[in-house]
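Chains as they are written, first to last, in full-length UniProt numbering: chain E, 1 to 381; chain C, 1 to 381; chain P, 1 to 381; chain F, 1 to 381; chain Z, 1 to 381.
Some notes on the structure that comes next.
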Amino acid sequence: MSKKSKNGANHRARQRKRFDHTIHPHTRPGTVIVPEGALAPLLHVTAYGPDQIVEKRNATIAQIRELRNKYPVMWIDAVGLGDAALIEEMGELLGLHRLSLEDMATVPQRSKVEDYPHHLFAVTQIPTYNGDLCLEQVSMFAGKGFVLSWREHAGNCFDIVRKRLQVTNGTTRSSGVDYLLYALVDAVIDSYFPVLEQLGEVFDELDDRVEADSEPACIAQMRDLRHDVRQLRRIVWPLRDAIDDLVRSPPEQITQETLIHFRDCHDHAVQIMDTLENYRDAGSDLRDYYATSISNRMNETIKVLTIISTIFMPLSFIAGVYGMNFDAHESGWDMPELRWKYGYPFAMGLMAVVALGQLWFFRRRGWIGKGKQRGKSVDEG
Amino acid sequence: MSKKSKNGANHRARQRKRFDHTIHPHTRPGTVIVPEGALAPLLHVTAYGPDQIVEKRNATIAQIRELRNKYPVMWIDAVGLGDAALIEEMGELLGLHRLSLEDMATVPQRSKVEDYPHHLFAVTQIPTYNGDLCLEQVSMFAGKGFVLSWREHAGNCFDIVRKRLQVTNGTTRSSGVDYLLYALVDAVIDSYFPVLEQLGEVFDELDDRVEADSEPACIAQMRDLRHDVRQLRRIVWPLRDAIDDLVRSPPEQITQETLIHFRDCHDHAVQIMDTLENYRDAGSDLRDYYATSISNRMNETIKVLTIISTIFMPLSFIAGVYGMNFDAHESGWDMPELRWKYGYPFAMGLMAVVALGQLWFFRRRGWIGKGKQRGKSVDEG
Amino acid sequence: MSKKSKNGANHRARQRKRFDHTIHPHTRPGTVIVPEGALAPLLHVTAYGPDQIVEKRNATIAQIRELRNKYPVMWIDAVGLGDAALIEEMGELLGLHRLSLEDMATVPQRSKVEDYPHHLFAVTQIPTYNGDLCLEQVSMFAGKGFVLSWREHAGNCFDIVRKRLQVTNGTTRSSGVDYLLYALVDAVIDSYFPVLEQLGEVFDELDDRVEADSEPACIAQMRDLRHDVRQLRRIVWPLRDAIDDLVRSPPEQITQETLIHFRDCHDHAVQIMDTLENYRDAGSDLRDYYATSISNRMNETIKVLTIISTIFMPLSFIAGVYGMNFDAHESGWDMPELRWKYGYPFAMGLMAVVALGQLWFFRRRGWIGKGKQRGKSVDEG
Amino acid sequence: MSKKSKNGANHRARQRKRFDHTIHPHTRPGTVIVPEGALAPLLHVTAYGPDQIVEKRNATIAQIRELRNKYPVMWIDAVGLGDAALIEEMGELLGLHRLSLEDMATVPQRSKVEDYPHHLFAVTQIPTYNGDLCLEQVSMFAGKGFVLSWREHAGNCFDIVRKRLQVTNGTTRSSGVDYLLYALVDAVIDSYFPVLEQLGEVFDELDDRVEADSEPACIAQMRDLRHDVRQLRRIVWPLRDAIDDLVRSPPEQITQETLIHFRDCHDHAVQIMDTLENYRDAGSDLRDYYATSISNRMNETIKVLTIISTIFMPLSFIAGVYGMNFDAHESGWDMPELRWKYGYPFAMGLMAVVALGQLWFFRRRGWIGKGKQRGKSVDEG
Amino acid sequence: MSKKSKNGANHRARQRKRFDHTIHPHTRPGTVIVPEGALAPLLHVTAYGPDQIVEKRNATIAQIRELRNKYPVMWIDAVGLGDAALIEEMGELLGLHRLSLEDMATVPQRSKVEDYPHHLFAVTQIPTYNGDLCLEQVSMFAGKGFVLSWREHAGNCFDIVRKRLQVTNGTTRSSGVDYLLYALVDAVIDSYFPVLEQLGEVFDELDDRVEADSEPACIAQMRDLRHDVRQLRRIVWPLRDAIDDLVRSPPEQITQETLIHFRDCHDHAVQIMDTLENYRDAGSDLRDYYATSISNRMNETIKVLTIISTIFMPLSFIAGVYGMNFDAHESGWDMPELRWKYGYPFAMGLMAVVALGQLWFFRRRGWIGKGKQRGKSVDEG
Ligand SMILES: [Mg+2]
Ligand SMILES: [Mg+2]
Ligand SMILES: [Mg+2]
Ligand SMILES: [Mg+2]
Ligand SMILES: [Mg+2]
Ligand SMILES: [Mg+2]
Ligand SMILES: [Mg+2]
Ligand SMILES: [Mg+2]
Ligand SMILES: [Mg+2]
Ligand SMILES: [Mg+2]
Ligand SMILES: [Mg+2]
Ligand SMILES: [Mg+2]
Ligand SMILES: [Mg+2]
Ligand SMILES: [Mg+2]
Ligand SMILES: [Mg+2]
Ligand SMILES: [Mg+2]
Ligand SMILES: [Mg+2]
Ligand SMILES: [Mg+2]
Ligand SMILES: [Mg+2]
Ligand SMILES: [Mg+2]
Ligand SMILES: [Mg+2]
Ligand SMILES: [Mg+2]
Ligand SMILES: [Mg+2]
Ligand SMILES: [Mg+2]
Ligand SMILES: [Mg+2]
Ligand SMILES: [Mg+2]
Ligand SMILES: [Mg+2]
Ligand SMILES: [Mg+2]
Ligand SMILES: [Mg+2]
Ligand SMILES: [Mg+2]
Ligand SMILES: [Mg+2]
């Protein structure tokens, strides 16, 4: 618990509730209302061309206005949704459509890529997993000479892009806005693989636990896991479709070479979907496996009950018969065994014979004694 | 019960029956037959342009005829389907197709947008939820210079649009009929989110109840919930498709900018579908969870039975043996224990050994005593 | 049983068998073989234009040949498939394709609309429901100046069309062959709604019965109902598709206005499908509900068994112990209780303590006594 | 067993194995390798035009070469795949593509219609059912002036076509290669209906058996039946698609009139699919029904156990109490009933009261005695 | 265990983990990072035309550069991914796109065929099965005058192609790069059939085991098998789609004749999918069968328990009654049977009557004695 940051806890609360949308039904279309408790925005601007690059941390709108159109590409990497006025100002400066700004500020959005008159708008979620699945919304706008990315919290997702931008005359530096957009989308998609790996480990662990012992705890964890897989599918499915649409009918500002890279992105999204399908099937299998395990164990329990009853009921009956108060002294017909010298050993022997007969019967039926043999055949098979 | 208005009760009766269509099979196509018990219509007319606006509550057909084509846009907001003659008169005045009027008066209709020669026709349902899901039909007609909306009951769904109309030179006031139609459709779609939120809360609550204790009451509520989710899906699915068709091949009277707004509507409809899919999966999960809980508990019950039988049957058998009437005084072979000084303590000790042996066996099998340990591991896990 | 007509019984026999097709594998394509026991055909001819109308009941082929092309529209409404020669003669007179005649005479056909060189051919089923689902085949041919409809039995399905034809200068009278075809298709589709309503009532009733008491009778009825719903789906699904095809790529003889009416037909077919989907889900839900009810009841039964065993086994054991024949007179160690003055009350008290302890334990576990409380919470919830 | 011919047994062996393909992985594409144990081919040639017809049984390749192009249509009906050289010779004579020859000789193929540069190639399976589903591959080639059909075994499937060919100036005789191909495909499709009828009867019979008594034997038969239905679906599904493709984009050698006949074929294939869907659902229903029956019966068994335990455990306890050895002669507190005059009748009466109380309780719970009443309501319902 | 080669063990480890992708998230697109433990590459070059052929085992990049464009076709068959530098060098030499090289080195890839500006790129998996499913990635590049295939390990998959290349003027030798690519793809697809055959055998074996005896071991094996089938489906499904795309819109370098061969490939892929669908259904059936078997057996166990309890509880009760200490000597009402001469035989007879009555009841209910009869009917049926 304590290892989760405040943000993580915030995330978790969001994910735990079935309905996690923010509703502002009585607003006009395009109204920017920031999420409760959102962080104050920090703007990190990088403007570059093949052989020059400028970086400004904690930039202001004024500084951005100044830098605009001075360099082939300006990347504004914003973190924190907590200032509606700033968002609107930025939108005005870059000519962003009000509806796209509203979507950016409304958490969570379904993954999509939308072509507005003056810019592309892409939105999806960045996942992290530390026992619970946490999701952070990321919006990307690409227009003439600028890319604006806006995340909810600071994270290391875009560090790789920033690092590559330092390489003078590298592919990213020499390419335009479209390639930077690709690089960001690629970085977001790549952030799913570690989460898939962690989920895979939880599956493997759960597999082992169900195999070893079907404790009731498993069922809740299985359900959580299945829920997480479904939630990821619900994000990646439309993301894959959106990139597929982009690749099939690309906006004109995307070059042929960048398209090949977007195709690679699509391929990664398809791989993620494949893995999630795999996990979904694994989840169903686990549930079936668990249910059959319960049935199997109930069967075993009932067998124990049946064996014990079947052995002791006849024995108790025999004991009961010899406990009847017919007086062997009164009539020759009344339980002559009671007067026999070896009556007691005879009765005990009779019981032993009955008990052993039953055991033999159960053994032949395979209800007892063969258990270990079977266990072996499993190991060998 | 008493907190539901008369209308609510009416709604509920509709929803409770599996077959909730009104059938008038022996009528010619386009016959307007109003639902039983429908309210008398009230017409609220708002005619406006960018800088002028006129409102008439409880307007008459004559007043509407007079206002027609005097302002760029006339919005007739009708409430109550209870007057077939009025509906037909209105249809004649505005040139509405008979089949669309019939659909408007026939409750419930499947969501759809239809392009008639002289007007667009859209129909869908407005949901409310207060334990039961209630649905109210809303029809919208958009032709040259007018939008006609017709609901079953007065509600606050369109208040937001009316309020925005008051803003002189606001987007709605400056735009045409197409934007007003969008604003109404948007308002209808926005009315689903609070219902989804309430359903989500019921799910969360049900989740907790199933986890805490699997009372039989849950099963009926689960079923109701699943039914409500399915009913909402059945409304939103065709609505989403209809808006998608509208966006893909828009009628000419819809401008480019309004289309972008309709795309936003579509996006909301898709989000609602996503949430409903989520709820559907949650419903299946809950059902599986409940079924497994019953199995688990049955298993526990059978374990108790088996433990008690396995412990007491042998004990009773031993007691039965020493209750046999073999007379230790008659033959040295006859239950010599009865004559031992410590015979009774020996018998009791034998029973104690058997009982403790069984307990040890069950503990080793994990059937008893480890319960609490497990509970902990769940909390910690 | 006795309330079913002979035809109904005939229908039922058809529906009861899994395979209900007639096979004539060794015939050449286009051979008309009438169903066994089919009624002798009766022809009812109505020829009309906007201001004139002629009707002939029990018309002969000769009379039809005479009337042909004398009026804008001639409607031949045939009932009874029992005369192959007549069918072939009619086909020759009107220029109908042999394969369409074969389909008409082969019961049952899958719903379809086929465009033959000289005529349209539509075939589907008219349902009735009186405990069992009965289906009657109806074929419709529309060519130049004529519409031929052919049903298996007389019914009131087309009465509404006939009645509307009496209105001089009414829409039907003033329109052509295409509108009459629409009117007939519409009448057929409208005949599904009462059946849906009846099925809905059976569902509602079954719902109540499963809720009240899960008698084994339910399961067979559920299965029948699910089967009926599936059978209806199998008829309406292709019918909806066929009308959709007709509306999307209409044959030239269908006017724009009639197309709008066919779109309304399509809409009704979609509503029927929606309701059938609803019923299908309701059927699955009922089955799940029933299965869970059985589990719940088994659980209750096992609880009773466990409670009774858990209470009486220890009591019987105690009684058994004091029934052992250790003689308290022989050794001070031998069951001193037997010699106590209050030994018997002590033993009975011990038993009472054990029994009450168990009851307290079961009550705390919620196995007994809280039942009514729960029942209440269901009513209140 | 003995009533199956050698061929039937051969078929069965094929069907019984899950993997029934022949693999020749190390051959070059187009290598003809005949199945093991295939019959030696017999060629039956029929060459005809509208007014002449020649037939040659057991024809040789030389005879076929001679007959070629002498008549409008030459139909070579081959039976038996056992001679690779002959197949290759035939392929060379008629200009058949190597890959189509390979497919013909490789059993089983998925149903398909392929358009090779110089001929059409169609392949599918002919089913027969006599308890097991047997499948025989049939390949058809249609090129300029010839149709070649090749089956695995002699059967009566094409007799109907041969008979129709005898009719001088009949449709088949007057039409070309395309109509003969249609007639053969139609004959193959018609061969599915008797099999569906037989499967339907097995379903009906199984229905009755499950209803009457849920013997374990049913489950294996159900599984076989479901497997057969799936196998048929897997054949007819692609066949239907292939004919649909043929009808939608027909090769030029197929005339308009023949196309209408192929549409009829497609219609039949769709009907077969519909029936198979029906059977698939019936199979699922049967399985569910059987599972619920087991649950129901287990419930009944447990009820018997619970009733018997609940009645006799308290009785045995009472008997046990009066069997305790507290001596009524020693202390007034020690089981005074033993000394009562009517002590024994009192004890027996107590037991009777307890037993009757339990019976009354169980009757009120509906566990006993109401069974027959229910049975009646089923019959009446 | 010991019969698996080191490579096999390596494979297995890969397959056992749910998440088997390699992640290199912090690399720029197109970076070649070879898998851990990959073998050092061996290049086997075959350059040929219709009448000349040169082979070089363990070729170097220099030798390949020399051979390039000297012969119509050069096939470089590489094995082992263990040298990133070599891969990059090869890519540069042949003009391969960086992203395709990255995909080749990243194991596993989803099956796909991609059209890069200067070459085709295909990647898929070669399966082997020896109890576990092992997968080996194979990448194929086809550009102007060359085909490059790159596998993870040496295998005999391409031996058949190499052998056919030896035939002077054979189809492969006389055809171009496109036909060689086809031959390789065909060889890969053919490698699935033996695996399907082996899986089919495991299914058949598992079928028999479940039928004979439902040991818990089966369930784990079933799950593994289902997992393997799903994994194969996930490979073959996109492979089939990729080849279908290739056939539908072929790149210009593929000739008409080669296309027909690729269509054959597609056909094989479809057959593999069909078989996998079959296996998937078989897997579901097996699981259902197993679950029903458990239910059936639990039912049998409970029957044994019920029979034994129902027989012995009344008997023990009777014995208990006659074990009560009412003294027949004290009161005439106190168990007079104890004083009867034939009291004991009477009691024993009473017990026998009760026991036989129960047995008769159980026999009539079909719980005992009819078992064998049923078993027979299964064998006969
Ligand atoms: Mg809004
Ligand atoms: Mg939006
Ligand atoms: Mg990537
Ligand atoms: Mg989710
Ligand atoms: Mg989705
Ligand atoms: Mg899929
Ligand atoms: Mg899996
Ligand atoms: Mg109507
Ligand atoms: Mg309508
Ligand atoms: Mg909205
Ligand atoms: Mg519903
Ligand atoms: Mg639907
Ligand atoms: Mg969920
Ligand atoms: Mg026929
Ligand atoms: Mg037909
Ligand atoms: Mg209608
Ligand atoms: Mg059906
Ligand atoms: Mg429902
Ligand atoms: Mg091959
Ligand atoms: Mg082939
Ligand atoms: Mg046919
Ligand atoms: Mg199969
Ligand atoms: Mg298939
Ligand atoms: Mg379908
Ligand atoms: Mg059915
Ligand atoms: Mg990367
Ligand atoms: Mg890649
Ligand atoms: Mg092949
Ligand atoms: Mg898998
Ligand atoms: Mg995969
Ligand atoms: Mg199968």
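Note that beta-carbon positions come from the ideal geometry of N, C-alpha and C, so glycine has one too.
Would you say arginine 230 of chain C reaches chain P, if we count a Cβ-Cβ gap shorter than 8 Å as a contact?
yes
If we cut at 8 Å on Cβ distances, does valine 140 of chain C have a partner in chain P?
Looking at the sequence shown, residue 140 of chain C is not valine but methionine. It does not: the Cβ of methionine 140 of chain C has no partner Cβ on chain P nearer than 8 Å.
May I ask whether a heavy atom of ligand 9 can be found less than 7 Å away from the beta carbon of leucine 232 of chain P?
no
Can you give me the start and stop residues for the beta strand (DSSP E) that tyrosine 116 of chain P sits inside?
Per DSSP, tyrosine 116 of chain P is one residue of the beta strand (DSSP E) stretching across 112-116.
8 Å is my cut-off, CB to CB: does proline 314 of chain C come that close to chain E?
yes
I'd like to know if serine 293 of chain E contacts chain C, where contact means its C-beta is closer than 8 Å to some C-beta of that chain.
no
Quick one: grab the DSSP three-state call for aspartate 241 of chain Z.
The answer is helix: DSSP assigns aspartate 241 of chain Z an H, G or I state.
Is leucine 101 of chain P near ligand 15, with its Cβ less than 7 Å from a heavy atom?
Checking the Cβ of leucine 101 of chain P against ligand 15 gives no.
By the DSSP assignment, the beta strand (DSSP E) with isoleucine 76 of chain C in it spans what residues?
Where isoleucine 76 of chain C is concerned, the enclosing beta strand (DSSP E) starts and stops at 73-79.
For a contact defined as C-beta to C-beta under 9 Å, what are the partners of tyrosine 289 of chain F on chain P?
Ordered by position in chain P, the residues that pass the 9 Å Cβ test against tyrosine 289 of chain F are Ile219, Ala220 and Arg223.
With H, G and I counted as helix, E and B as strand and the rest as coil, what does DSSP make of methionine 140 of chain E?
strand
Any C-beta of chain F sitting closer than 8 Å to the C-beta of asparagine 104 of chain P?
One detail in the question is off: residue 104 of chain P reads as methionine in this sequence, not asparagine. For methionine 104 of chain P, the answer is no, since every Cβ of chain F falls outside 8 Å of its Cβ.
Does isoleucine 64 of chain C come out as helix, strand or coil in the three-state DSSP assignment?
helix
Report the neighbours of serine 309 of chain C on chain E: residues whose CB is nearer than 7 Å to its CB, in chain order.
Leu305, Ile308 and Ser309
Restricting to Cα atoms, I'd like to know which of F:Leu96, F:Leu120, F:Ala291 and F:Asp245 is closest to valine 210 of chain F.
F:Ala291
What does DSSP give as the partner residue(s) for valine 54 of chain Z in the beta ladder?
Z:Ala47
Please list the partners that proline 29 of chain Z has in chain E, where partner means a Cβ-to-Cβ separation under 7 Å.
Asp186, His261 and Asp264
Would you call the segment 299-315 of chain P in contact with the segment 285-302 of chain C, where contact means no fewer than 3 C-beta pairs closer than 8 Å?
yes
Chain F partners of tyrosine 322 of chain P, CB-CB under 7 Å?
Met324, Asn325 and Phe326
Hey, is aspartate 244 of chain F close to ligand 15, as in C-beta under 7 Å from one of its heavy atoms?
no
With 8 Å as the limit, tell me which residues of the segment 190-202 of chain P have their beta carbon closer than that to any beta carbon of chain C; keep them in chain order.
Asp190, Ser191, Phe193, Pro194, Leu196, Glu197, Leu199, Gly200 and Glu201
So which residues of chain F does tyrosine 344 of chain P contact, with C-beta pairs closer than 8 Å?
Met324, Phe326, Ser331, Trp333, Asp334 and Met335
For the alpha helix (DSSP H) containing leucine 184 of chain E, name the first residue and the last one.
177-190
Between which two residues does the beta strand (DSSP E) carrying valine 147 of chain E extend?
146-151
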